[in-house]
Structure formats: C-alpha cells, structure tokens
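Each remark here refers to the structure printed beneath this line.
In the working numbering, the protein residues as written are 105 to 801.
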C-alpha cells in the first residue's frame, strides 16, 4: 500500500519512552489511512523485546522491523528502503510529536518542491529541573533546538536535528543514505552527525533545507546526561564524529587549530590538564567542553596533517606565549586599547569580521589563505558578535589587536550609522580594511564629506567592479581602492539539466529570473504588471523565477498576480513581508542562476545607481541581462553587450520586450571584462589576490 507520508522511529532498549512516542504518532491530526508508522527495533534482548510487543496495543498502521547488530544509521537506512511513502519523518524513541507534526511536515514538502529535508523545534522535557550550571550554548548536545518562530529555508551552516527530521525519499540514496560509520551504536558510543552529513549532501546536490516552526516535538532529557562528566564525554565523541564526517573538509584543520588555541589560552596552558577534569559552571564549563572537543579533534586530525601544518601549530603555541608576555608588559600603556576578557582569540595575522552567512564565498577564500580567524556577527545587529565572549565590534577588533581586520562596509555607510562608525574607526589602534559592494545610496555635501573621511581612514577598500572602483575614486578622491574580479559566482554549478528537470521546467521554455530582495526599486511591481500583458501563446513558453527575501511583495501577492496567466512560475519568497528572513542557501541560489536564460535587473527609483553583484553573477554564468535603460546596470548592458535594455519603464513596453526575448532566445557576446571572473576557483583566486595586496601593507 502507498501512503502519503511515513513516520519512523528507530529504537534501542527504551521501551518506557517508546510507547509514548508511538502513541503520539497514532494520534496525529492526519487521516490514519494515509500514513504509516514504521518502527525499527535494535534492542538485543529478545525476552524484553517480546514482552513489550506482545502487550502493546498496536495502531493499525504500525509496522515493526528488527535490525541487528544495533546502529542508528543502519536502522535509518532500513527505514528509507522500506518506507511506502514519498516522505519519511524520523522521531526519536524518547520524543513526543505534537498533534499537527505530520500534517505540518507534509504540507511543507508539498509547497516546497525543491526541499529535500525539513525539521522543526525540539523542546526539552527535564527529568526534574534544568541545571543552573548548564550554559545556553551547550544545550544543543541535549538535542534541544529552536530556530525561531518563522517557517523558512535554512541558512548555510544551520541544521535541524535527528530527533525531529523529515526527508523527501527521492532526494536520498536508497542504498546508504546515512553514514554507518557515525550515529549512535547501542549504548557503546556517543557518535553523532549522521543527519548533518545527509543534510550537507542534499544541499550540495541542490536540494533546499527547511525549518517548520510549528512541527514541534518534546524530547525527554535523560537524567544520566545531566552530569558534567557526560558532557565531557559527549564533546570528545563529538570530535570523533566531526573527524569522520569531515574527511575532505577544506578547513577542518584550521577550525580545530583556531578553536583549540582559543580554548587553551582561555584556560591557561600550565593548568590545562588539571582544568580539563575539574567540575565547572556556566561559561567556564562551556570553555572546558570546547577545549575537550577541539583537543580530541586536533589529535585525531594530526596523523593526516602534512609536516608544515604541524609546524604551524607549534609556532602558534609559541606565539601565544610571546603575546601573553607582551600583553603583561603593555597593561599600563593607555594608548594600547584592549579588553582582558577577549584575549582568548587565536593570534593569526588577519581577522575577518562579517554578518553571519552574508558572503559565504569569502569564508572559503579566507580558509584557503591559512592566515585568518573569522568572527561572525548576528544578522541584524553588527554590534553583537556570535561569540559570547565578545560584546561589541570594538571588542572583536581589539581581540585581534595585532591583526588586519576586514569589514563589509555597506551597512556602515548609511546616514544612521556613518557618524558613529567614523568616530569608531578614528579611535582604533588596529588596521581595518573593508569590502564595498555598491556606491553609497545617500548623498549630499555633508554626507559625502563624512564618507570620504571614513574611507580614507581604512587601510584598503576592496571592490568587485572596475566601474565601482572608478566611481569611488572620482567622487571621493581616494587612492586606496583595490579591484578584485570575483563575486559569489563560485556557487553557480554545472547542474542545468538536473535542476531544470527537478523543477519541471520544459525544454522549450525561456527562464526569466528576478533574484534578491523583493522591494521597491527592484522592478518586481513593474514585472508583475507586465506578465499578464504578454500574449497567451508566449506565456506558455515562459518560466519566471522569483527568489529572495520578500519585503514589499509577498509570495501570495506574486501568486495572485500570476493566477490568470499561462506562464510557469517558481516562487522562492517568504510568505510575509514583516520580519521575513527567508533566504535561499547559496548553492541552490547558484543553481537558479545557472538555469536562468535571462536575468531581470529592472532597477528603478533609488536603485537606479546600484552596482549590483548580480551583474557579475549572471554574466559570470554567461547569462543574458534585461535591465532598465536609465540605470547603472542599463549602462553596463549597453557598454559591454550584456543583453537587452528597457527604454520606456511601462508594463506595456516591458511585456513587448519580454516577448522579444523569448522569441529570439539570443546569446550575447559579452565583453571580456566580465569574463575575468573565475567561476570554479573563486575562493582560491580571492585568497591569493587578498594576500598579494596585504603583503604590500
């Protein structure tokens, strides 16, 4: 029998919890004839097993399988092979699903055809009370997850956990979806990460990953786990899991090295071993657990390291000792600005300070440079770093007081930020560089003067466009602008046929894409008025992709505007305008660019002079651009033969132009200027360009 969805539990000797878990699945707000419950029992005591199943009142849709020897990954692979539905939802045997759990996950998959995996919140059921010695950062080890109140596509490096996770069967490898080297094996080990590996594989294959805020489960926290010794053991096993799941990871060594140096310095090297085994509370416990995890990790990685990396590690430890001695001597120097509580950061030559996940291609570049620490900042508050020991941006810069620090400048060069930022950079005793992606959107004599003074204060300003370099130099008369021919085109992979097939795009369709924020000035309103004016026959040969963050136009409004048309529409936009932080992951975003025939950059109003990075993304992938004539992008299109321009900004004129684009399906030569982008090797290229420039300072 074929079902709509499969609910699965993999269990090992947890029958008191298992009965409640099964009951929660049997009482879902979902037609019981449309879903199955599949339990894989790993328990190796036949007597206990027989007694439990003999007395259990089984739901009619329950099917039980037995798997030996025990192993969570092995059991999950069995579920994938045996499931009789297109979607499979895994619930831990000590968890309780909310009544709408299955329906919410099913609805998400049906609405998001590009989604390969989705999960939801996991709320704790404490055995007695929450320990007061447990730091918030460590709760994830107890399988506690809450990524907010909004259902959304996950950002890169955000993952749902195995206690509450669902997969599209078509996205999985039926032979060995879950790596059987990792994952729990009875009570023998605390290996984990098997679901993280699968999520990374799906992301690399172009599937999106989702978070359903209302698909929640409650998860029992085992009383035996509420001890400091369990956490120490858990962190050591976490290191083993990460080694096994990062065989080919390009910066696994750098991750372990930086974190270990930070933890070792924070705890004080001479007392290191003693403090590893002492009981601690709060932040001190968090530091202790971090040290254990990364100490085990670096030791497990060591036999894979070339000699030069081991020498780098030894040299870094020596550098720590020298730096600590200098710090003590400079403690009374009032011109030396520092905070003693932030000196735990590793002393590497450069620090990259960024919004979380805003430019992931830069992370790769810095990892390849081998000289950089990374300090991520919360998405909407540049003043607050992710690292809890750093309170402000000033803290992060002075944590790397001997380094060269990098910032993305765009958010600082705004009227509400620039005065404070100028005051901030003029007080620093550290060297700061910046990345600027476009011309400042606000002008005026006073604002321009302040912008010039701010940019001159920086060591260098890196840009990704010749024209942006020329414009900044001409307007602000500043000499420290450096052009690097790169943007995030590294994520546009060669998967055109695969992605078009998966998204059901007919071969004869012309694909038009509107990417980025759906806000005033980006042309989305103009496009939605124009599409219904296109002839019906032409609409039948068109696919429109809307992808990015909904600001002034929501997914529902786009669907309503296109409801009476014959075109195909793929809408990857959040459902609400307010507080919507729904982004596509970088690889899927790149895939959408790669299947595009014509990129729509219909910039108007305050966006006319935006030097968009999408120019590089589209042209680097050899795509045609459609732009408004009276805009910077339009000037670029004309000057470098990049595509079509819209001379008159009316819905009628745009409809005629789009018909022409679909009929001609013309390829443009495109000048060599935009072919300087190295699509497949951007991170390495950027790393070399940056290091070459920095060596001149």
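Note that CB positions come from ideal geometry on N, CA and C, so glycine has one too.
Outcome for residue 152 when other beta-carbon atoms lying within 10 angstroms are tallied against a minimum of 16: The sequence position of residue 152 within the chain shown is 48, counting from 1. When all chains shown are included, residue 152 counts as exposed.
Segment contact, 8 Å Cβ cut-off, at least three pairs: the segment 643–658 with the segment 616–631: Yes, the segment 643–658 is in contact with the segment 616–631.
7 Å Cβ cutoff met for residue 219 and residue 210: Position 115 of the chain shown, counting from 1, holds the residue named residue 219. Position 106 of the chain shown, counting from 1, holds the residue named residue 210. In this structure, residue 210 does not lie closer than 7 Å to residue 219 by Cβ.
Whether residue 256 touches residue 170 by CB criterion (7 Å): Against the chain shown, residue 256 aligns to sequence position 152. Against the chain shown, residue 170 aligns to sequence position 66. The Cβ atoms of residue 256 and residue 170 lie no closer than 7 Å to each other.
Delimiting residues of the beta strand (DSSP E) encompassing residue 702: Your numbering for residue 702 matches position 598 in the chain shown. Per DSSP, residue 702 belongs to the beta strand (DSSP E) from 702–705.
Beta-bridge pairing of residue 648 - partner residues as DSSP gives them: Here residue 648 is taken as the residue at index 544 of the chain shown, counted from 1. In DSSP, residue 648 forms a bridge with 616, 673.
6 Å Cβ shell around residue 229 - same chain, five flanking residues per side excluded: Numbered from 1 along the chain shown, position 125 holds the residue referred to as residue 229. Once the five neighbours on either side are set aside, the close Cβ partners of residue 229 are 322, 324.
Where residue 224 falls, given that 16 or more other Cβ within 10 Å makes a residue buried: Walking along the chain shown from the start, residue 224 turns up at place 120. By the neighbour-count rule (16 or more Cβ atoms within 10 Å), residue 224 is buried.
Beta-bridge pairing of residue 313 - partner residues as DSSP gives them: The residue you call residue 313 lines up with position 209 of the chain shown. Per DSSP, 221.
Beta-carbon contacts of residue 203 that lie in its chain and below 7 Å, excluding the five residues immediately before and after: One-based indexing of the chain shown puts residue 203 at position 99. By the criterion of a C-beta distance shorter than 7 Å, residue 203 is surrounded in its chain by 131, 132, 133, once the five residues flanking it on both sides are discounted.
Selection from 138, 106, 527, 563 that minimises the alpha carbon distance to residue 511: As a working mapping, residue 511 is identified with position 407 in the chain shown. The shortest Cα separation from residue 511 among 138, 106, 527, 563 belongs to 563.
With 16 other Cβ atoms within 10 Å as the buried cut-off, status of residue 583: Counting from 1 along the chain shown, the entry for residue 583 is found at position 479. With fewer than 16 other Cβ atoms within 10 Å, it is exposed.
Span of the beta strand (DSSP E), counted from its first residue to its last, around residue 268: As a first step, residue 268 is located in the chain shown; it is residue number 164 there, counting from the start. For residue 268, the uninterrupted beta strand (DSSP E) segment begins and ends at 268–272.
Unbroken beta strand (DSSP E) run spanning residue 642, endpoints: Against the chain shown, residue 642 aligns to sequence position 538. Counting along the chain, residue 642 falls outside any beta strand (DSSP E), though it belongs to the alpha helix (DSSP H) covering 640–643.
Reduced DSSP category for residue 433 - H, G, I as helix; E, B as strand; rest coil: Numbered from its first residue, the chain shown carries residue 433 at position 329. Unreliable positioning characterises residue 433 in this predicted model, as indicated by a pLDDT of 45, which lies under 50. The coordinate reading is nonetheless provided below. It is helical.
Residues sharing a beta bridge with residue 115, DSSP: Position 11 of the chain shown, counted from the first residue, corresponds to residue 115. In the DSSP output, where bridge partners are listed per residue, residue 115 has 145.
Length of the line joining the Cα atoms of residue 245 and residue 338: Residue numbering aside, residue 245 sits at position 141 when the chain shown is read from its first letter. Residue numbering aside, residue 338 sits at position 234 when the chain shown is read from its first letter. Here the alpha carbons of residue 338 and residue 245 stand approximately 8 Å from one another.
Contact between the segment 622–632 and the segment 694–714 (3+ Cβ pairs under 8 Å): The segment 694–714 and the segment 622–632 touch, with three or more beta-carbon pairs separated by less than 8 Å.
Cβ-based neighbour list, residue 276, same chain, cut-off 7 Å, excluding 5 preceding and 5 following: Taking the first residue of the chain shown as position 1, residue 276 is located at position 172. For residue 276, where only same-chain residues beyond five positions count, the Cβ hits under 7 Å are 184.
Selection from 754, 163, 327 that minimises the alpha carbon distance to residue 235: Within the chain shown, residue 235 is the residue found at index 131, counting from 1. For residue 235, the closest of 754, 163, 327 by C-alpha to C-alpha distance is 327.
Residue 107 versus residue 164: straight-line alpha-carbon distance, rounded: Within the chain shown, residue 107 is the residue found at index 3, counting from 1. Within the chain shown, residue 164 is the residue found at index 60, counting from 1. Between residue 107 and residue 164, the alpha-carbon positions lie close to 13 Å from each other.
Nearest-angstrom Cβ-Cβ length linking residue 603 and residue 699, presumed shorter than 8 Å: Counting from 1 along the chain shown, the entry for residue 603 is found at position 499. Counting from 1 along the chain shown, the entry for residue 699 is found at position 595. A Cβ-Cβ distance of about 5 Å is found for the pair residue 603 and residue 699, placing them in contact under the 8 Å criterion.
Nearest-angstrom Cβ-Cβ length linking residue 265 and residue 226, presumed shorter than 8 Å: The sequence position of residue 265 within the chain shown is 161, counting from 1. The sequence position of residue 226 within the chain shown is 122, counting from 1. About 6 Å separates the two Cβ atoms, so the contact holds.
Residues of its chain near residue 329, where Cβ-Cβ distance is below 7 Å and the 5 sequence neighbours each way are ignored: Counting from 1 along the chain shown, the entry for residue 329 is found at position 225. Counting only Cβ-Cβ distances below 7 Å, and skipping sequence neighbours, we find 246.
Residues of its chain near residue 119, where Cβ-Cβ distance is below 6 Å and the 5 sequence neighbours each way are ignored: As a working mapping, residue 119 is identified with position 15 in the chain shown. Excluding sequence neighbours, residue 119 sits near 156.
Beta-carbon proximity check, residue 269 vs residue 307, cutoff 7 Å: To locate residue 269, count along the chain shown from 1; it is residue 165. To locate residue 307, count along the chain shown from 1; it is residue 203. Contact flag unset, no.
Integer-rounded CB distance, given that residue 554 should sit under 8 Å from residue 523: Working through the chain shown from its first residue, we reach residue 523 at position 419. Working through the chain shown from its first residue, we reach residue 554 at position 450. Indeed they touch by this definition, with Cβ atoms about 7 Å apart.
Residue 560 classed as buried or exposed, judged by whether at least 16 other C-beta atoms fall within 10 angstroms: Here residue 560 refers to the residue found at position 456 when the chain shown is read from its first residue. With fewer than 16 neighbouring CB atoms inside 10 Å of its own CB, residue 560 falls in the exposed class.
Residue 398 in three-state terms, based on DSSP: As a first step, residue 398 is located in the chain shown; it is residue number 294 there, counting from the start. Assignment of residue 398 by DSSP, reduced to helix, strand and coil, places it in the helix class.
When 317, 274, 243, 282 are compared against residue 258, the one with the closest alpha-carbon: Mapped onto the chain shown, residue 258 falls at position 154. Comparing alpha carbon positions, the residue from 317, 274, 243, 282 closest to residue 258 is 317.
In DSSP terms, what residue 226 is bridged to: On the chain shown, position 122 is the one that residue 226 refers to. 249, 321, per the DSSP bridge assignment.
Buried or exposed (CB count within 10 angstroms, at least 16 for buried), residue 233: On the chain shown, residue 233 is found 129 positions in, with the first residue counted as 1. That one is exposed.
Environment of residue 178 [buried if 16+ CB atoms lie within 10 Å]: By one-based count along the chain shown, residue 178 stands at place 74. Residue 178 is buried by the Cβ-count criterion.
Span of the alpha helix (DSSP H), counted from its first residue to its last, around residue 551: Here residue 551 refers to the residue found at position 447 of the chain shown. Residues 549–561.
Option nearest residue 631 by Cα separation, candidates 760, 167, 384: Position 527 of the chain shown, counted from the start, is the residue given in the question as residue 631. Selection 760, 167, 384 evaluated against residue 631 yields 760 as nearest (Cα-Cα).
Residue from 331, 272, 320 whose Cα sits closest to the Cα of residue 303: As a first step, residue 303 must be located in the chain shown, where it is residue number 199. Minimum Cα distance to residue 303 is reached at 272.
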